[in-house]
Amino acid sequence: KNEVEQSPQNLTAQEGEFITINCSYSVGISALHWLQQHPGGGIVSLFMLSSGKKKHGRLIATINIQEKHSSLHITASHPRDSAVYICAVRFAGAQKLVFGQGTRLTINP
Amino acid sequence: GAVVSQHPSWVICKSGTSVKIECRSLDFQATTMFWYRQFPKQSLMLMATSNEGSKATYEQGVEKDKFLINHASLTLSTLTVTSAHPEDSSFYICSAERTGETQYFGPGTRLLVL
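Heads up: the protein sequence lines correspond to chains E and C, in order. Take the first sequence: its letter number 3 is residue 3 in our numbering, and every next letter is one higher. Take the second sequence: its letter number 36 is residue 1036 in our numbering, and every next letter is one higher.
Below, the structure is given as structure tokens:
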């Protein structure tokens, strides 16, 4: 069964802390996405990964294909990073994305 | 990154009316567009996959006659909620992609049916 598991479901931290959100999936994939959804609802695509590591500003995404695991890191977290972060996976041979349940991140000043 | 727009951003309508939501890829040609529905505090639920020039593929449990999808060009797809009822109230999100590239998501349309 094609499944995507995220952890933690909720995360509260203080401004400046290093944040890690994890995503595990069940079988081989062609791509993994990290998405950000703010309370207003709009979704922003942060990264698309098929291997290795990507960095954009304070955000870093890594993927380990052998372990079927990806992490999203936020360095020097800020209250404006508060949002729901969603891992979404395109399994090999499939067209659609399978979404994790999301991680609700709250950064307190 | 690429831009996907949705119109309207929110709509309130009376029960029984039909509502059309547009999804446009503004700076690229999308071979595929996806329509999602999201209930409060839940993840996105795929409703249908739409390839330009062909009929949409609906997910199990999604009524084709209720949610009409048209993908007339490489930059425009529309979702029409026909004879809307209060249970259709939701947040509808589209995404667009070129083959092999990332999906870009629209800002969403909040529908409230009274």
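Cβ coordinates follow ideal geometry from the N, Cα and C atoms, glycine included.
* To do: Flag this pair as touching only if the segment 58-78 of chain E and the segment 1010-1021 of chain C have three or more C-beta atom pairs under 8 Å; answer yes or no.
  => no
* Contacts that C/Ile1093 makes with chain E (C-beta to C-beta distance below 7 Å) -> Ile43
* Asked: Any C-beta of chain E sitting closer than 7 Å to the C-beta of C/Pro1040?
  -> no
* To do: Could you name the residues of chain C that E/Ile86 contacts, counting a contact when the two beta carbons are closer than 9 Å?
  => Ser1043, Leu1044
* How many whole angstroms separate the CB atoms of E/Ser45 and C/Tyr1104, which I take to be in contact at a CB cut-off of 8 Å? -> 6 Å
* Any C-beta of chain E under 7 Å from that of C/Gly1061 -> no
* Under 7 Å Cβ to Cβ from C/Phe1028, same chain only, skipping five residues before and after it: list those, please. => Closer than 7 Å at Cβ, skipping near neighbours: Ala1002, Arg1098.
* In terms of alpha-carbon separation, which member of E/Asn22, E/Ala13, E/Thr106, E/Ser71 lies closest to E/Lys55? -> E/Ser71
* State the CB to CB distance for the pair E/Ser51 and E/Ile63, rounded to an integer number of angstroms; the pair is presumed to be in contact (CB under 8 Å). => 6 Å
* Length of the line joining the Cα atoms of C/Leu1111 and C/Tyr1092 -> Whole-angstrom Cα-Cα distance: 8 Å.
* Presumed contact (8 Å Cβ cut-off) between E/Leu32 and E/Leu105, rounded CB distance -> With a Cβ gap of about 18 Å, E/Leu32 and E/Leu105 do not count as contacting.
* Asked: Is the CB-CB distance between E/Gln9 and E/Tyr85 below 7 Å?
  -> no
* Asked: Using the C-alpha atoms, what's the distance from C/His1071 back to C/Leu1026?
  -> Going from the Cα of C/Leu1026 to the Cα of C/His1071 covers about 15 Å.
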